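Chemist: Mapping of the sequence shown onto my numbering: residues 19 to 280, in sequence order. Handing you this structure, nothing more for now.
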Amino acid sequence: MSPSPTTYYLPRETADIFTDERMKQCKNLGLLLNKYPPQAALQSSAHKNQWLRDIAGSNMIDANLAMHAYRRWLSMTTISEAQHFHAATDWRLALGLNSQTVLETSLALHPLYGIPLIPGSALKGLCRTYVTGEIAEHASKKIEDDDQTIQRIFGTPTQSGTIIFFDAMPFEGKATFALDIINVHYPDYYSQGKAPTNDQRPNPVLFLTVTDTLFTFALAPRSTQHAEQKNDVAIASQWLQKALQDYGVGGKTSAGYGYFTA
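Rendered as structure tokens:
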């Protein structure tokens with residue numbers, strides 16, 4: 019007796035062509051997580067956890083496409099006269115964990131290729147937070163209190179900064195995934211307001227993380243005609259490397275996630 023086909027929340031005409039064999043050919047992790055989760059994975063935590071285990075244990079990225087996407091990104095940032103540096107995940111990276119998706123958890127992925135990335139906006143915010151929090155001469159608690167150097171490099175609400183922070187990409191498009199767990203010990207306390215007693219049944223939630231992955235980072239001057247902006251890139255690049263090592267990026271940094279080594 020053959021197993022029953024997987025059911026998806028899709029229009030009938032679309033669902034008819036999404037056979038289990040065709041879904042095995044899908045090499046875009048973003049589509050699988052955000053568009054094509056099985057119906058059972060959305061109805062049952064046990065089914066969702068098993069589905070994520072299957073994804074984590076499979077090669078869900080088109081390696082050739084990811085490599086060419088990376089090289090296209092590298093060419094584009096190089097033409098922009100960006101300065102590049104590499105940094106590897108120190109342990110695990112949980113980025114985009116609380117994004118709005120059909121699942122309880124998410125992961126920051128390229129919208130077209132489905133490979134992990136670190137948004138440039140997150141890197142810019144991380145870098146400014148590190149500088150204004152750790153470097154005494156640039157100390158600032160509010161954006162309006164930033165000194166002239168910080169305003170010039172990072173910008174103000176009315177003016178762009180001198181540096182462009184590009185999304186960081188896995189080197190050659192190669193990334194490794196690992197399953198992790200959030201264990202809600204008192205589900206009745208959070209969902210129903212009951213006392214957090216030890217007789218409540220824990221509700222483990224699995225989520226995907228990135229691990230053992232080398233990322234390439236790129237920062238470029240907004241105008242390649244200004245020598246001062248190129249100098250700003252060199253300064254910001256050093257700041258960002260320190261921020262990635264000391265502050266980490268993404269979610270759960272207080273638990274050791276998101277830190278990098280040069």
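Ideal Cβ placement from N, Cα and C applies to all residues, glycine included. Note that the structure is a prediction, hence the values are computed from the model and not measured.
(1) Quick one: measure Cβ to Cβ for G269 and L113, integer angstroms, because I've assumed they're closer than 8 Å.
(2) Closest Cβ-Cβ distance between G211 and chain C: below 8 Å?
(3) Just how far apart, CA to CA, sit A254 and P23?
(4) Run the CB neighbour count on Q177, radius 10 Å, all protein chains shown included, and call it buried at 16 or more, exposed below.
(5) Beta strand (DSSP E) containing H102: first to last residue?
(6) Once you ignore the five residues that flank I168 on each side, which residues in its own chain have a CB closer than 6 Å to its CB?
(7) To which residues of the same chain is T279 closer than 7 Å at the C-beta, ignoring the five residues directly before and after it?
(8) Rounded to whole angstroms, what is the Cα-Cα separation between R30 and P55?
(9) In chain order, what residues of the same chain have a beta carbon less than 7 Å from the beta carbon of M85, not counting five sequence neighbours either side?
(10) May I have the straight-line CA-CA distance separating R219 from V202, to the nearest angstrom?
(11) Check whether the stretch 150-165 touches the stretch 39-46, taking contact to mean three or more Cβ pairs, one atom from each stretch, closer than 8 Å.
(12) Taking DSSP as the reference, what is the three-state secondary structure of A245?
(13) Looking at the secondary structure, which residues open and close the alpha helix (DSSP H) in which I35 lies?
(14) Leaving out five residues on either side along the sequence, give the residues of the same chain with a beta carbon under 8 Å from the beta carbon of T150.
(15) Could you compute how far the alpha carbon of F235 sits from the alpha carbon of A126?
(16) Can you look up S178 in the DSSP assignment and give me helix, strand or coil?
(17) Would you mind working out which of I133, D230, E99 sits nearest A252, comparing C-alpha positions?
(18) Check this for me: beta carbons of D185 and L135, under 8 Å apart or not?
(19) Given a threshold of 16 other Cβ atoms within 10 Å of its Cβ, counted over all protein chains shown, does G211 qualify as buried or as exposed?
(20) Look at A74 and A196 and say whether their C-beta atoms are less than 8 Å apart.
(21) Could you work out which residue in F183, K66, L237 is closest to G138 when comparing CA atoms only?
(22) Pick out whichever of N216, L28, V223, K53 has its Cα sitting closest to the Cα of S63.
(23) Could you tell me whether the Cβ atoms of K53 and A59 are closer together than 8 Å?
Modeler: Short version:
(1) 7 Å
(2) Absence of chain C from the displayed structure is noted, only one protein chain being present.
(3) Here the C-alpha atom of A254 lies approximately 52 Å from the C-alpha atom of P23.
(4) exposed
(5) 101-107
(6) H156
(7) A105, A106, D108, Q263
(8) 15 Å
(9) E190, G191
(10) 9 Å
(11) Under the 8 Å Cβ criterion, the stretch 150-165 does not count as touching the stretch 39-46, having fewer than three qualifying pairs.
(12) helix
(13) 30-35
(14) Taken in chain order, the residues that qualify are H156, A157, S158, K159, D164, I168.
(15) Straight-line spacing of the CA atoms in F235 and A126 works out to 16 Å.
(16) strand
(17) Looking only at I133, D230, E99, the smallest Cα-Cα distance to A252 is reached by E99.
(18) yes
(19) exposed
(20) yes
(21) The option with the nearest alpha carbon to G138 is F183.
(22) V223
(23) no
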